[in-house]
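Chemist: Next up is a structure, given as structure tokens.
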Amino acid sequence: MILDVVGKTDIGRVRKNNEDNFCIDKDLGLLIVADGVGGMPTGETASKIAVEVIRQQLKTAILENKEIFFNEFKYNNKLSEKTNKLAASINLANRVIFELSQKYPQNRGMATTCVACLIDERKIYYCNVGDSRLYLIYNNEIKQLTEDHSLVMEQVRKGLITIEQAEKSEYKNIITRALGNEPDIEIDMNEMELNNDVYFLLCTDGLTGMVDNDIILKTFIELKKPADICNQLFYLANENGGRDNITVIIANIKGVKPKNIFNKMWEIVKK
Amino acid sequence: MKQKQNLLIDILIGIVIFLIVLVSYETNFSFLEILELKLYDIRLKIHSSHIPSDKIVLVTIDDMSITNIGRWPWPRAIIAELINKIQEGNPKVIGLNILFSEPDNNQGIQEVRALKGKFTLLWAQLKNKIPKKYFEQLTEFLNDINNSETQLDNDTILTESIKNAGNIILPMFFVIGKPLVESQEEIPEILKANTLNNVLFKKKNFIEGYSPVLPYTLFAEVADSIGHSNTITDKDGVLRKELLYIYYRGKFYPSFSLQIVKKYSNLTLNDFKYSDDALTFHNGKIPLNKDNTMFIDFAGKVNTYKYFSVFDVLTDKIPKEVFKDKIVIIGHMASGIASLNVVPVDKNFPSIEIVANIIQNILEQKFITRPSWAKIFELICIFLCGGFIILVLPRLKAKWGAIISTVLFLLIIFTGVFLFLKNGYWIKILYPSLMLISGYVIITSKHFLITEKRKEQVETESIETNKMLGLSFQGQGMLDIAFEKFRKCPVDDSMKEILYNLGLDFERKRQFNKSIAVYEYIQATDPKYKDIEARIQTLKTASETVIFGAPGVKKGKSDTVIVEGLATQAPTLGRYEIVKELGHGAMGIVYLGKDPKINRMVAIKTLKFEDDVSDQQMKQIKERFFREAEAAGALSHPNIVKIYDAGEDYDISYIAMELLEGEDLKKYCEKENLLPIKKVIEIIMNVCDALNYAHNQGIVHRDIKPANIMILKDNSIRVTDFGIARITATSQTATGTVLGTPSYMSPEQISGKKVDGRSDLFSLGVVLYELLTGEKPFKGDSIATIIFQISNEVPQNPKIYNPDIPESLINVINKALQKNPDNRYQTGKEMYDDLKNVLETIK
């Protein structure tokens, strides 16, 4: 398996500080994007802690093969151990951020979104909290794998408003879940089999708020190389206003072993 | 990883089970074999419900006969009479399943023979003395004796009956096994006549017998044939098979049942051909097992066949026709006499009925067999199930494991039963099904036990949580909170190591008191751990020096020490005790602090630098911050807030300054709270004065706005945050607070050019405008609009908001708000003077 991955963060055109953080760890196959929540103090600290704690925990869990589950963590038996490890790490990061925000007044109310994934030979394991997104770009299609935990998207899911309304809503930036807000947190977790020559895009709303999905997809199809795509996306986001910090990780996976017959059959059966 | 290990263990378990089952199968391990035989019995019971053959009639010596005729053994004459009676019905063959191996020795015939002997002797002695005329009488008497003798000589009678019938089959016995010493005796003629000759065996695992027990020679000579009636039982003592022949001294001797069949089918022994897997005759075939036995397919429980009591036959209660062309088997049924066997379908199964079953099987050509492919089939099943439990089961969720195992299990059972019922094929189904069950049970119970174990672990893991959190905090450099977490964990060896490292970290941060606290905490459980004793000693000296050292004003960064005690003591920042939080500033929180040395209350403004900037950059920023703070600290003007101290702690930089009791001007920028014009002018004049002073000292405020101008309780004015605000805003990023609005910024400031004092005067102009009108001169719904307006547009005439503003004051505002700094007031003094003039005109 060949993992070609680039990541970049940019302050944008308007903000005076960058509250985003990201992490690429090829040894672990770990990619994280965290967006310190705007309007709250020290969102930057929160996103930084999130990235560091998650990475450290996964190092302990995967490279050193130590137990990292703790009692507050609800193990999801339906998903593989790796997904659970990732979620447990995010859970711990949440605790760390929360406790720090309680302990130090200057940190009060700090929070961050987080979208993180682990990639290995067979699968991608991913978790998210907040409105940072993970996209799958495959077969000339773009698909958002994560659900945004934002006020408007919850309204959309409940059928209260349409996607179009959501995009125009003034509450677009209000998120309903974030790391550090509460001592315990609900994490969306999932996993999927890899296909060959598949792209993953992890990004903050600084990109998705500025550039339409269609254009993102077009960029992928035209440029192919993650580094080029990345630069182009930043250019587009800033051209369109760059109202928020922009953080993007693009991963391209090649050389995935074809699935065995049993899996293929299973997929046909599922269809 | 853990999952992989589990999988590996599961696969190992699977392999072990598979091997155990495979080896037991190959070696016919008796326990499992017996279990399989029980399964065989169950299938046989389901199978055995066919109609008993009407070709077979059983005549039995039953309890009724015993009661009526007398105790067994009966005189052989009765058997002879029985044979005669049956023979009247013209049966095809009579199997007399009673062995008379010795001549009859009854008391009567011995007495008669003794009498006859004496009489003959007497007659010979008295021959000459007895008159001839008595001879006839005497001869008659001798004849009478002879008659009595003949009548009493049951053997002869029976021999006669057998001879007359001509279709009697008699039993015999062997002792099964190999004799210790090979007998040298001549093989009796009667045996020789009853051997199988067409033997085409290649294999040699036949059952052997010795010491044959034959019927009394007289009977044997006249009987049609003799067959052995040995039986063979399985390991569990159940009779399932018929021993079709026994090997004895180079020859094969057929069984009693086979002899009956032979006679019934009008065959001779030469018509039978024995080969490896079957015994063929004329138009029939008996499949053979490996040991040349045949499975008996039982028709049903005891009394399935028709029984006639011997007594009923003798007393002519049975019509003779029932025996016509039938196979009649005579044997024991009476309790205590009959030999009873355990068979799959019943316990206490009489031998006579076993014989009947065997004969029916052969005549109807319906057998239970092990087909030639049985072994291959069974091995395939075993390997398939083995493959399943080794490779598939460990990967399945418990539910799916159960479903698939059950389906496979049922499939095997169903196949086994189906083949048995349909074709009489016996396939061993125990081994694969046992493997499935044990595989499933062991692997799932192992999973269950392990998950249980994991649950238990989870319960004790609250400690682990704290430890993990602690380590995370320590990794983030949050040592205090890390220590707090660690204190919730029991101090074991690994914890001591962690705590020790925490202590070292505190030392590195020069927080000696805290590292002492940590070491002392370790000491509580292990006073001699590593070198902590020595460390505490050194640290105590070091920290005392620092705490009671120099006043600490403007110490270098590395000398800053936090004297924060543990939870009970008030937190400190630098040398100041934090009393309470006063509020949030643009760059951080403002605390009410106390300088314990001189007991002075101070305001402490904090600002936190992020450490994502490179160390080099960080150093520059900090240097600049402290330089600016120092410069601002040097300002001494009645309208400028006094800076006492600047320092850094916990990565938090702070400034300790004069504590002001009053409020800033924000409130007075609202329409309903506008101050009188005269008052406004006075305030701005004070600020002008302060700015003039500061600019002369070379210090630019950079962030003049209502929030930074305070009216104290004594009505005096203070300008705060000299030189600090902008450094921090540009260098550090108080995240989320997007630099507020740029409403008070000058055009050159917005475009990022170098600013001087005139920029402050522009900002002051904005403040003046706002204080007079309650409106900002440059406003818009977005930052971009405001920026555009500041750079390009002339503000609205303030008169439209407040008509009372004198023209001269408007001129001051206009001059202050000039886009080009060169057209503005060049110094605070100029502006001050103009305002003074305005004030005078108002007066």
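Quick note, the sequences are listed as chains F and P, same order. Every number in my numbering is 1 more than the matching position in the first sequence, counting from 1. Every number in my numbering is 6 more than the matching position in the second sequence, counting from 1. Note that beta-carbon positions come from the ideal geometry of N, C-alpha and C, so glycine has one too.
(1) Going along the stretch 96 to 107 of chain F in order, which residues come within less than 7 Å of chain P, judged by CB to CB distance?
(2) With DSSP as the reference, identify every bridge partner of residue 599 (chain P), one or two as the case may be.
(3) Exposed or buried, which one is residue 221 (chain P) when buried takes at least 16 other CB atoms within 10 Å?
(4) Counting contacts by CB-CB distance shorter than 9 Å, is residue 409 (chain P) in contact with chain F?
(5) Among all the DSSP beta bridges, which residues are the ones paired with residue 193 (chain F)?
(6) Do you know how far the Cα of residue 659 (chain P) is from the Cα of residue 239 (chain F)?
(7) Could you tell me whether the Cβ atoms of residue 58 (chain P) and residue 452 (chain P) are closer together than 9 Å?
(8) So, is the C-beta of residue 471 (chain P) closer than 9 Å to a C-beta in chain F?
(9) When you compare the CB of residue 424 (chain P) with every CB in chain B, is at least one pair closer than 9 Å?
(10) If you follow the alpha helix (DSSP H) that residue 525 (chain P) is part of, which residue opens it and which one closes it?
(11) Comparing the CB of residue 250 (chain F) with every heavy atom of the ligand HEM, is any distance shorter than 8 Å?
(12) As a quick exercise: from P:682, P:266, P:666, P:684, pick the residue whose alpha carbon is nearest that of residue 611 (chain P).
(13) Does any CB atom of chain P fall closer than 9 Å to the CB of residue 257 (chain F)?
(14) Specify, as a first and last residue, the run of the beta strand (DSSP E) that residue 194 (chain P) falls within.
(15) At which residues does the beta strand (DSSP E) containing residue 287 (chain P) begin and terminate?
(16) What in chain F is Cβ-close to residue 482 (chain P), meaning under 8 Å?
(17) Residue 291 (chain P) bridges to which residues according to DSSP?
(18) Output yes if chain P places a C-beta closer than 9 Å to the C-beta of residue 31 (chain F); else output no.
(19) Pairs of beta-carbons, one from the stretch 678 to 688 of chain P and one from the stretch 636 to 647 of chain P, closer than 8 Å: are there three or more?
(20) Could you give the uninterrupted runs of the alpha helix (DSSP H) lying entirely in the stretch 42 to 90 of chain P, keeping only those of 4 residues or more?
(21) Taking 9 Å as the CB-CB limit, is residue 93 (chain F) close to chain P?
(22) Cα separation between residue 917 (chain P) and residue 124 (chain P)?
(23) Using 8 Å as the cut-off, can you tell me whether the stretch 499 to 507 of chain P makes contact with the stretch 515 to 530 of chain P, which would need three or more C-beta pairs spanning the two stretches below that distance?
(24) With 16 other CB atoms within 10 Å as the buried threshold, where does residue 751 (chain P) fall?
(25) Less than 8 Å between the CB atoms is what I'm expecting for residue 217 (chain P) and residue 185 (chain P), so what's the real figure, rounded?
(26) Please report the Cβ distance between residue 98 (chain F) and residue 111 (chain F), rounded to the nearest whole angstrom; I am assuming they are in contact, meaning their Cβ atoms lie under 8 Å.
(27) Taking Cβ-Cβ distances shorter than 9 Å, what residues in chain P pair up with residue 69 (chain F)?
(28) Relative to the C-alpha of residue 443 (chain P), which candidate in P:471, P:409, P:423 has its C-alpha closest?
(29) Taking any Cβ of chain F, which residues in the stretch 170 to 186 of chain P have a Cβ under 8 Å from it, in chain order?
(30) Tell me which same chain residues have a C-beta within less than 6 Å of the C-beta of residue 357 (chain P), skipping the five on either side of it?
(31) Would you say residue 65 (chain P) and residue 314 (chain P) are within 9 Å of each other, going by their C-beta atoms?
(32) Does the stretch 155 to 173 of chain P come into contact with the stretch 109 to 120 of chain P, if we say contact requires no fewer than three beta-carbon pairs (one atom in each stretch) closer than 8 Å?
(33) Along chain F, in chain order, which residues have C-beta atoms closer than 7 Å to that of residue 479 (chain P)?
(34) Among P:219, P:470, P:547, which residue has its Cα nearest to the Cα of residue 497 (chain P)?
(35) When you compare the CB of residue 156 (chain F) with every CB in chain P, is at least one pair closer than 9 Å?
(36) For residue 20 (chain P), does the three-state DSSP call read helix, strand or coil?
Modeler: According to the data block:
(1) 96, 97, 100, 101, 104, 106, 107
(2) Within the second sequence, the letter at position 593 stands for residue 599 (chain P). DSSP, once it has assigned bridges, lists P:584, P:608 as partnering residue 599 (chain P).
(3) On the second sequence, position 215 is the one that residue 221 (chain P) refers to. Buried.
(4) Within the second sequence, residue 409 (chain P) is the residue found at index 403, counting from 1. It does not: the Cβ of residue 409 (chain P) has no partner Cβ on chain F nearer than 9 Å.
(5) Within the first sequence, residue 193 (chain F) is the residue found at index 192, counting from 1. Residue 193 (chain F) pairs with F:125.
(6) Translated into positions along the first sequence, residue 239 (chain F) becomes position 238. Translated into positions along the second sequence, residue 659 (chain P) becomes position 653. Answer to the nearest angstrom: the Cα atoms are 33 Å apart.
(7) Translated into positions along the second sequence, residue 58 (chain P) becomes position 52. Translated into positions along the second sequence, residue 452 (chain P) becomes position 446. It is not a contact, given that the beta carbons lie outside the stated cut-off.
(8) What you label residue 471 (chain P) is simply residue 465 of the second sequence in a count that begins at 1. By this cut-off, residue 471 (chain P) is an interface position.
(9) The displayed structure is made up of protein chains F and P, and chain B is not among them.
(10) As a first step, residue 525 (chain P) must be located in the second sequence, where it is residue number 519. It spans 518 to 529 - the alpha helix (DSSP H) in which residue 525 (chain P) sits, taken as one unbroken run.
(11) Judged by which ligands are present, the structure shown has none, so any question about the ligand HEM falls away.
(12) Counted from its first residue, the second sequence places residue 611 (chain P) at position 605. Checked all of P:682, P:266, P:666, P:684; the closest Cα to residue 611 (chain P) is P:666.
(13) Taking the first residue of the first sequence as position 1, residue 257 (chain F) is located at position 256. Cβ-Cβ to chain P under 9 Å: no for residue 257 (chain F).
(14) The count along the second sequence starts at 1 and reaches residue 194 (chain P) at position 188. Segment: none, residue 194 (chain P) is in no beta strand (DSSP E) and carries neither H nor E.
(15) Position 281 of the second sequence, counted from the start, is the residue given in the question as residue 287 (chain P). Residue 287 (chain P) -> beta strand (DSSP E) spans 284 to 287.
(16) Reading the second sequence from its first residue, position 476 is the one you call residue 482 (chain P). Chain F residues near residue 482 (chain P): 50, 53, 54, 97, 101.
(17) For the purposes of this step, residue 291 (chain P) is taken as the residue at position 285 of the second sequence. Note: residue 291 (chain P) sits in a beta bridge opposite P:286.
(18) Numbered from its first residue, the first sequence carries residue 31 (chain F) at position 30. Chain P contact via Cβ: absent.
(19) no
(20) 69 to 75
(21) Counting from one through the first sequence, the residue named residue 93 (chain F) turns up at place 92. Residue 93 (chain F) counts as touching chain P.
(22) The displayed coordinates of chain P run from 7 to 849. Any statement about residue 917 (chain P) would go beyond what the structure contains.
(23) yes
(24) Locating residue 751 (chain P) in the second sequence gives position 745, counting from the first residue. That one is buried.
(25) The count along the second sequence starts at 1 and reaches residue 217 (chain P) at position 211. The count along the second sequence starts at 1 and reaches residue 185 (chain P) at position 179. Contact holds; Cβ gap of about 7 Å.
(26) Walking along the first sequence from the start, residue 98 (chain F) turns up at place 97. Walking along the first sequence from the start, residue 111 (chain F) turns up at place 110. With a Cβ gap of about 6 Å, residue 98 (chain F) and residue 111 (chain F) count as contacting.
(27) On the first sequence, residue 69 (chain F) is found 68 positions in, with the first residue counted as 1. Simply 470, 474.
(28) The count along the second sequence starts at 1 and reaches residue 443 (chain P) at position 437. Here the closest residue by C-alpha is P:409.
(29) none
(30) Here residue 357 (chain P) refers to the residue found at position 351 when the second sequence is read from its first residue. Excluding sequence neighbours, residue 357 (chain P) sits near 345.
(31) Taking the first residue of the second sequence as position 1, residue 65 (chain P) is located at position 59. Taking the first residue of the second sequence as position 1, residue 314 (chain P) is located at position 308. Going by C-beta atoms, residue 65 (chain P) is nearer than 9 Å to residue 314 (chain P).
(32) yes
(33) What you label residue 479 (chain P) is simply residue 473 of the second sequence in a count that begins at 1. Chain F residues near residue 479 (chain P): 97.
(34) Counted from its first residue, the second sequence places residue 497 (chain P) at position 491. The residue with the shortest Cα to Cα distance from residue 497 (chain P) is P:470.
(35) Taking the first sequence and counting its residues from 1, the one referred to as residue 156 (chain F) is at position 155. So no, residue 156 (chain F) is outside the interface.
(36) Locating residue 20 (chain P) in the second sequence gives position 14, where the first residue counts as 1. Residue state, collapsed to three classes: helix.
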